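Written below as structure tokens is the structure these notes are about.
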Amino acid sequence: METALVCAVLRTLAPKIFAFLQGNHELRRDLEREIQYIRKELGMIAAAIEDHDRRSWSEGRASDVQRIWIQDVRELAYSIEDSIDRFLHRVTRDPGASSLRQKGQKLKTMSIRAKFAAEIQELRRKSEAASKLRQLYTGGQSSTPGPSASTFVASSTQTPAADLVGMDAPRDEVLELMREDEGRPRRLKVISIVGFGGLGKTVLARQVYDSVPVGDYNPRVWVRASEKGAGDVLEEILRQVQAGMQVHDCSCDDLVECLKFKRFFIVIDDLRTEYWNAIKNAFPKDMGVSSRVIVTTAIQSIANACSADNGHVYVMRALDEKQSRELFFKQTSLEEYAPAEQVMKKCDGLPLALVTTAQLLQSKCQMTPAGCANVCRYMGEHVENEETLARLKHVLLQNYSSLPGHALKACLLYLSIFPSGHPIKRKCLIRRWLAEGFVEADRRSAVDVATDNFKALEDRSIIKPIDISNNAEAKTCQTHGMMLEFILQKSIHENFITSLYDQAGLPDKIRRLSLHRRKGATRDKMNSNIDLSLVRSLTIFGEVGMHITEFSKYELLRVLDLQECEALNDEHLKKISNLLMLRYLSLGGNITTLPKEISNLKFLETLDSPRFTPGNEKTAVIPVKEKQLGDASRICRRPEHRVSATHERNEQIDEGESMVSSHYKWQKQLLSPIVPHTGVHPERHRRERSSFALPQFRGMLARLYGFYPGRKLLLPEFAEATWRATKPTSVRHQARQCH
């Protein structure tokens, strides 16, 4: 469970070290052997950790010795990353400087290079030690046995009928979906029940299964698919159909022979792997009988696949507030305590969470309002340690552990930066993942990989859309309340996130800092002399002390999100140009002018403009005639230039087509007010329309993409499609407002 972040860092560090070495010829000559050795060892350590992770999930929890070793490896990986980033920060120079100035800069950094070489040699020795410990700790140690999945399954399916709330309507709705369709041939129908773990999919399926008269279907089969392969599921079904007879090497044809011409009812519970196509042919379809299959799953794409042919997808709903209150206070008698109400709200309508947390409160014999408040504030710790919440922990852990790949797990844990109930903008989240380095390009671009990661979390019902765009994509999202508590506790435990609102103590080294402070709250617990030089990400919600906004402290900062920071003004940004490693900048408050020194931020990829209230014509400006703003574009909000809302609804451009051959007139209309400021002359390319999407056009988008006048109408879908098609090499994410 502790390994996702370590492997994510290790997997991204190896190519990062190689790329870093390629760009520093003097260091390559002196340190190539050391860095190549470290790179190799990091790969081996990552592979060993992944093997250990698979064993610990299937066999039980990791031993204490293994956890300590993983923590040591995590700190080694962070130390390597710190060393590289510190070196980059100290030797970063202006690529536009004169050759004489660049030579002077090189002389100044000679001592820095020598120090870095010594650090790399020391890190090699540490990686050698980690490799030896890997052989010792992962070779002979076994995982500590833990409760099996079946233990939790058995208990979770035995919910007393008297404790069920809000199940009558869903049961009746699924039963209605199972009925015959008048005027249509009798054939197999597959109903998929999909939803986040803990919503009661298994309970609902059991209610439906028990509600159908026994004589209506024969045979009737219930099979648990979790932790089983396709062959195992088929064998279990055939074993129940044949009344317990021994079955080996069952095939689809074997099951077809047993089910042919029979009106069967089969429930496949908790299908989590995409092998439906491998087993679907085992269920006869067109035999003139109305057989039924119910599949429960947490994955939307699996539900869609199962019910694609003559089926229905039933999406589970969370309990509403009235139902949540009824279920919660059935288990506890603490209605008079306001903190108990807050605990209930954190359950987010999840029946399993409501039942188990209420039982936890009731089990505390002398529970007081202060005790309820403690449970609410540190819910993640209680989920981790309280036996009463073991079933809930298992469901949350299963949602996390079943994610494919450690990079996706890291992307999920990153959501713990945001406060409970805070809507998260999809595009901003994706850009933050990119700036943090959580995703790497494969055969797809890094942007596409990050987008696919978001879709994977959405597909698994781990994050839920709040606001949907016209093209059915999530504009904003949240994760479920208890899932957020789980990943926050895990992130704090692994020193991935430091949350000043939810964290009792601060670690020695802070790398991602999230501050949640609202008006009237107690003062910051952060000491003004704490070391902030290793912070990679700073996100502020509400008010903070002045020492937090002294940006000269943050040498290695990559992500700075001040959009929700209160009392922010132009004065706070005077030293922002010191953040040479900054890749993502989001501003809010009363910012009206950005300092011209911001053009020193050569690595900046995304710049989210200040928010303006309706009717406010203040302008956020970067001096446009002096310097280009690194890898992002300039900002210049000109109220006199507006883009019609119809442009946002314009048809999308086929990325394989020439950008101008099919849309030249529209492009000209859209870009004409701002082209004079770019130095690009589209008319010169009119005779060669297929070549308009050339570096000149890329440069124009690089300077203008996103900060065209208007709040939401900033070079809309056309620009995004065009930008992907032109595939620029120097600009990855253009500055634009995140909506």
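Residue numbers (the UniProt record's numbering): 1 to 739. We treat Cβ as the ideally placed atom computed from N, Cα and C, and that holds for glycine. Being a predicted model, the structure only gives us computed values, none of them experimental.
Nearest C-alpha to Gly545 among Ala567, Val559, Arg536 and Ser537: Ala567. Under the DSSP definition of a beta bridge, Arg292 partners with Lys189 and Phe265. Rounded to the nearest whole angstrom, the C-alpha separation of Cys258 and Trp222 is 16 Å. Counting other Cβ atoms within 10 Å of its Cβ, Gly229 stays below 16 and is therefore classed as exposed.
Distance from the CA atom of Tyr209 to the CA atom of Val267, rounded to whole angstroms, is 8 Å.
For Tyr378, DSSP assigns no beta-bridge partner whatsoever. Taken through DSSP and simplified to helix, strand or coil, Glu543 comes out as coil. Scanning its chain for C-beta atoms nearer than 7 Å, with the 5 sequence neighbours on each side dropped, one finds around Lys574 the residues Pro595, in chain order.
For the stretch 196–280, the continuous beta strand (DSSP E) assignments of 3+ residues that do not extend past its boundaries occur at 220–224 and 265–269, in sequence order. Cβ-Cβ separation between Pro351 and Leu319: approximately 6 Å, consistent with a contact (criterion under 8 Å).
Ile530 has no beta-bridge partner at all, per DSSP. In this structure, DSSP gives Thr297 an extended state, which the three-state scheme calls strand. Around the beta carbon of Ser552, a 10 Å sphere encloses fewer than 16 other beta carbons of the protein chains shown; the residue is thus reported as exposed.
Boundaries of the alpha helix (DSSP H) around Leu412: His406 to Leu413. Burial is judged here by how many other beta carbons sit within 10 angstroms of a residue's own beta carbon; His516 has at least 16 and is buried. Put simply, of Lys425, Ile84 and Trp69 the residue whose alpha carbon is nearest the alpha carbon of Ala130 is Trp69. Distances from the CA of Asn578 to each of Leu204, Ile120, Lys602 and Ser586 were compared; the closest alpha carbon is that of Lys602.
Counting only runs of 3 or more residues that sit fully inside the stretch 301–363, the beta strand (DSSP E) segments are 311–315, in chain order. Take the alpha-carbon of Thr202 and the one of Asp270: they are about 8 Å apart. With a beta-carbon spacing of about 6 Å, Ile462 and Thr479 fall inside the 8 Å limit used to define contacts.
Under a 10 Å Cβ-count criterion, Asn218 is classified as exposed, with fewer than 16 other Cβ atoms of the shown protein chains found around its own Cβ. Put simply, the backbone Cα of Arg263 is about 23 Å away from that of Gln246.
When rounded, the separation of the alpha-carbon atoms in Ile468 and Arg67 is 41 Å. Counting only the Cα atoms, Glu34 lies some 15 Å from Ser79.
Note: Val559 is bridge-paired with Ser537 and Tyr584 in the DSSP secondary-structure output. The residue among Leu429, Ala446 and Phe454 with its C-alpha nearest the C-alpha of Thr539 is Leu429.
Apart from the 5 residues on each side of it in sequence, Gln331 sits with its Cβ closer than 7 Å to the Cβ of Val355, Ala358, Gln359 and Gln362 in its chain, given in chain order. As a beta-bridge residue in DSSP terms, Ala474 pairs with Ile468. A Cβ-Cβ contact shorter than 8 Å links Ala353 with Met482. Remark: C-beta atoms of Glu485 and Met379 approach each other more closely than 8 Å. Taking C-alpha positions only, Gly311 is separated from Glu386 by approximately 41 Å.
Arg512 is bridged by DSSP to Ser537.
Where Leu607 is concerned, the enclosing beta strand (DSSP E) starts and stops at Thr606 to Asp608. Annotation for Phe486: the continuous alpha helix (DSSP H) segment containing it runs Gly481 to His493. Across the set Arg511, Phe196 and Arg443, the C-alpha of Arg511 shows the shortest separation from the C-alpha of Ile417. Rounded to whole angstroms, Arg90 and Glu436 show a C-alpha spacing of 20 Å.
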